[in-house]
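The next block holds one structure in the form of structure tokens; read it before the comments.
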Amino acid sequence: MIARRWVVVILLAAGLSSCCGCGSERPIRDRQGRIIVEYWHQPMVTTVPGLEDEVKEVGDFERYLARQFMAENPDIVIRTQCLNWEDLPRKVPISVLGGRPPDVLMDFIGRTSGFWYQGVLEPLDEVIAGSEQDFQPQLLDASLLPDPQGVRQLHAVPLCGWVQVLALNRAAWDVQGLGHLIPTRENPRWTWDQFETAMAAIAGPSVTPLGMQVASEQGDYRVLQFFWAFGAEVYHDRDYSRVALNSRQGVEALGWLVAAKQKGWIQSNVATAGYGFFEMFWQGRTVAIPSGVSVHQAYSNAVRDDKVTADFNGDGRVDMDIFYTLPPTRPGVAVSLPVATNGLAVFKQADPAKRKAVMRFVRFLASSQSIGRYARASQMLPSRKSVGNIFSDQPAVTEILSRASRCDVADMGATSPNYYDIRKRLPAYLQAAFLGLKTPAEALAGFERETRGVLRNGGPSPPNREPGG
Amino acid sequence: MSSVASSAMKSPQRISGWLFLLPAGIPFAAFVVWPLVHGVALSFFDVQLRGTEFIGWENYRRLLDDETFWSAVKNTCKFVLLVVPIVWGLSLGISALVYPMGRFARAFFRFAFYVPVVAGGVCLAMVWMWIFNGQYGLLNYLTGELLGVEADWLGRTDTALPSLAAVVVTWSLGQPIIIFLAALGGIPPELHEAARIDGAGAIRRFWHVTLPLLRPASLFVLVTQTIGVFQVFVVILLLTVNGGPANATRTVVYGMYETAFTPMYDFDYAAAQGSLLLVALGTIAVVQFRLLGRQTTMD
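Which chain is which? The protein sequence lines are A and B, in order.
With positions in the first sequence counted from 1, the corresponding number in this note's numbering is that position plus 122.
With positions in the second sequence counted from 1, the corresponding number in this note's numbering is that position plus 95.
Structural data, given as structure tokens:
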């Protein structure tokens, strides 16, 4: 009787283990003997100038690139997979845990760096060997991360960088005869007083000039831009063992933001509103958004969807004139801009032949032509200088990117080991300050206390200080 | 008697008994028991993409320091204290009112209160999202018209949690009402009749006859509701942004989800939170059984 019971238990356990069994690794070759390379990517590109017939939706461009590559490399087959924004942070780590990661991943280096610290990526210095000088130094620098021995290696080949500037709807000032309050097209820089005067002049019951949200960590660089404007830092001198936001400058900056909300310069529901401020921008309820240089592109989509209704003088016509400026800073503080770099990462390869094939594909993707197309399509700064002026038909974008590339890069700690864990903690404290539950000083002190706990308990721990950093 | 019957059970019967259990037993073991055991085990390891390492009680020690986790525990307790008594009281009251009605009226109300259970949390949360909308929501329209009060219900720390609790109450009533109606039907009418003859009014009859006899049903409702509300998640995910504002609506299960599945990938730490919740729920259920589980007889 007892033996029979054990038989049942063993059968159940066998059934269970088959249900929970681990996935097998991906096959290296297909039936025709070609090496299979799996390429997963962001849904970044929807249109590419010059490839209108080939690229009609997300994933088309990567399939086009794969076809081009396979035509030149018949021994390799590329399988592309476009992941949506929600899947990207979940599907990739789960695939790694399941032993079936992609071979090549194109994503934000804030995410790929996490894989580097987990030791599951190949270093890629060999891919750009000899052409380092062709890469934008800020983007290349952001992609170099320390290995367990502290040696900086290229964890992802940078493709392009999203740069934050301040996008204005210039028409809001112009139609009211206030155009003289904002910077000129020739010199799109603010003085702090000029910025405050322009905000005060335009704010009113139907316009809260500054578009911002602190409901979640998404888009935190928008609010952090004003911390940097006061000279505050998230991390000091690349020391990722301590968050430095709770400083005199940080408290001043948060105090200014809270006061700006009270003055009606920031929407009253900033603590809980999501991305509605773009809608507000099209409706003329907000006129200045810290943003990338893709607002023109988004504007075309908004016009197509009949969302643009901004009308400041009531003449029934849309008042929209998108104008990029560098974000304002307090006197004596240099402009520093967050740059979010997208790059190509390669997961560890056990098979030498496959590794070779993967590297060949990455070299192809990192060519000037591919990078130029990626950057142009996503309105980002290309990582390679040799792509030339890809925005020659958009002088405003060319001008602002040229100015932006000369600014300091604001360190959000995007490639630090605890980036997401720290980042997720900030919104609750900002919300508490905006809702008047805590003073700015209390909010930042609370944030610092909590992050100290996170960093003490920390995740993976590579060297905190980079050599010479 | 039963043990005699059991020992007398022949082997083919025993095997067929197991076979009958298998269709439900295998999925239960695979999707409930195994993840539960695995989850508890996981909490003692440091799970990294490159491999796992045994770390003992380290994740539990981390929990002690984690302010966000304890604020989520506080919110969850508030949620339970708000929702469970209201659901218990309301469902009991509604059942007591509906039970004496005619067969069709009873069926109608049973159906009406059960619809939200069938509709599912996501659909209902979407409807409530519209109701709570600060600009064009029904709630602000009504409170504005009737009371002259409009608020950002989910955007204020003092109103967000009670608002979500109200939402959870609306979709939690259906099942307890069904249970109470069934339990009311099980009370012999002679008991009420005897009490009436002894001069007891409606309230005294309810208090001294109905309520004690509903004790097993009440216990079931309290235990299942407590467990259910401790696990509140969908309403937080859909109606708030990350359990905001200022973590005022963040609950333990939402925190677990965020810890495990946002780019933090802290599966083991999330498992420790889940294990702690398991222990807490088990303890609460035992206490509820001890306090309310005394056998009620109709002798």
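Idealized CB from N, CA, C, for every residue including glycine.
query: Shortest alpha-carbon distance to Val263 of chain B belongs to which of B:Phe328, B:Leu144, B:Thr163, B:Val374?
result: B:Phe328
| Contacts that Glu572 of chain A makes with chain B (C-beta to C-beta distance below 8 Å) | Glu162, Thr163
- Query: Of the residues A:Gln491, A:Thr537, A:Arg495, which one's Cα is nearest the Cα of Tyr362 of chain A?
  - Reply: A:Thr537
field: Assigned exposure category for Cys204 of chain A - 16 Cβ within 10 Å defines buried
entry: buried
**Message:** To test your reading of the DSSP string, which unbroken alpha helix (DSSP H) runs of 4 or more residues are found completely within the segment 152 to 218 of chain B?
**Reply:** The qualifying runs are 153 to 160, 162 to 193, 198 to 214.
| query | Roughly how many whole angstroms lie between the Cα atoms of Ala575 of chain A and Thr163 of chain B? | reply | A quick correction: the sequence has Gly, not Ala, at residue 575 of chain A. Each residue's alpha carbon lies about 11 Å from the other.
inquiry  = Quick check: is the beta carbon of Val409 of chain A nearer than 7 Å to any beta carbon in chain B?
reply    = Val409 of chain A does not count as touching chain B.
Please look up how many angstroms separate the CB atoms of Leu346 of chain A and Met534 of chain A, rounded, as I've assumed it's under 8 Å.
7 Å
- request: Quick one: give me the first and last residue of the alpha helix (DSSP H) that Val287 of chain A is part of.
  value: It is not in any alpha helix (DSSP H) - Val287 of chain A instead sits in the beta strand (DSSP E) that spans 287 to 291.
- Message: With DSSP as the reference, identify every bridge partner of Met228 of chain A, one or two as the case may be.
- Response: A:His163, A:Leu466
*With distances taken between CB atoms, is the gap from Gln286 of chain A to Ser416 of chain A smaller than 7 Å?*
no
| Could you give the distance in angstroms between the alpha-carbon of Asp247 of chain A and the alpha-carbon of Asp175 of chain A? | 35 Å
For Ser235 of chain A versus Leu267 of chain A, is the C-beta distance shorter than 7 Å? yes
(message) What does the alpha-carbon distance come out to for the pair Ala354 of chain A and Ala246 of chain B?
(response) 34 Å
Task: Other residues of its chain near Ile181 of chain B: CB distance less than 7 Å, five sequence neighbours each side excluded - done: Val264
### Task
Using 10 angstroms around the beta-carbon of Asn368 of chain A, count the other beta-carbons present and answer buried if the total reaches 16, otherwise exposed.
buried
Notebook entry, point to check: By the criterion of Cβ-Cβ separation under 9 Å, what are the contact partners of Asn391 of chain A in chain B?
Noted result: Gly229, Asp247, Gly250
- Return helix, strand or coil for Tyr446 of chain A, following the three-state DSSP convention. DSSP places Tyr446 of chain A in strand when its eight states are reduced to three.
**Report entry** Identity of the residue in B:Pro271, B:Ala260, B:Val330, B:Arg201 nearest Arg310 of chain B by Cα
**Finding:** B:Pro271
Residues that DSSP places opposite Arg201 of chain A in a beta bridge: A:Glu160
Query raised in the report: Which bits of chain B does Ser338 of chain A rub up against, with CB to CB less than 8 Å?
Result: Val336, Asn337, Gly339
Going by DSSP, what residue range makes up the alpha helix (DSSP H) through Ala290 of chain B?
284 to 292
Next on the checklist: Assuming contact is defined by CB atoms lying nearer than 7 Å, are Asp433 of chain A and Asp441 of chain A in contact in what I supplied?
Outcome noted: Yes, they are a contact pair.
- request: Consider the C-beta atom of Leu487 of chain A and the heavy atoms of the ligand HEM; say whether any pair is separated by less than 6 Å.
  value: Of ligands this structure carries none, so the ligand HEM is not represented either.
Review point. Between Asp394 of chain B and chain A, is there a C-beta pair that is closer than 7 Å?
Key: Interpretation of Asp394 of chain B is limited by its pLDDT of 47, a score under 50 that renders its predicted location unreliable; the figure taken from the coordinates is listed afterwards. So, not an interface residue.
Task: Buried/exposed call for Ser524 of chain A, threshold 16 Cβ in 10 Å - done: exposed
_Status (buried if at least 16 other CB within 10 Å, exposed otherwise) for Ala456 of chain A_ = When all chains shown are included, Ala456 of chain A counts as exposed.
Give the residues of chain A in contact with Gln326 of chain B, contact being defined as C-beta atoms less than 9 Å apart.
Result: empty, since nearest Cβ-Cβ is about 21 Å, beyond 9 Å.
DSSP beta-bridge partners of Ser458 of chain A
A:Asp530
Only counting runs of 3 or more residues, tell me where the beta strand (DSSP E) segments fall wholly within the segment 233 to 296 of chain A, in order along the chain.
-> 266 to 268, 274 to 276, 279 to 285, 287 to 291
Requested in this report: Just mark Asp161 of chain B as buried or exposed, buried being the case when its beta carbon has 16 or more other beta carbons within 10 Å.
Outcome: buried
Exercise for the section: Measure the C-alpha to C-alpha separation of Arg407 of chain A and Lys507 of chain A and round it to an integer number of angstroms. Expected result: Distance between the alpha carbons of Arg407 of chain A and Lys507 of chain A: 38 Å.
Assigned secondary structure, Ala354 of chain A (DSSP; H/G/I helix, E/B strand, else coil)
coil
message = For a cutoff of 7 Å on Cβ pairs, would you count Tyr349 of chain B as touching chain A?
response = Chain A, which has no Cβ nearer than 7 Å to the Cβ of Tyr349 of chain B, makes this no.
Please decide whether Leu114 of chain B counts as near chain A, where near means a Cβ-Cβ distance under 7 Å.
-> no
**Asked** Is it true that the CB of Ser265 of chain A sits closer than 7 Å to the CB of Leu281 of chain A?
**Response** no
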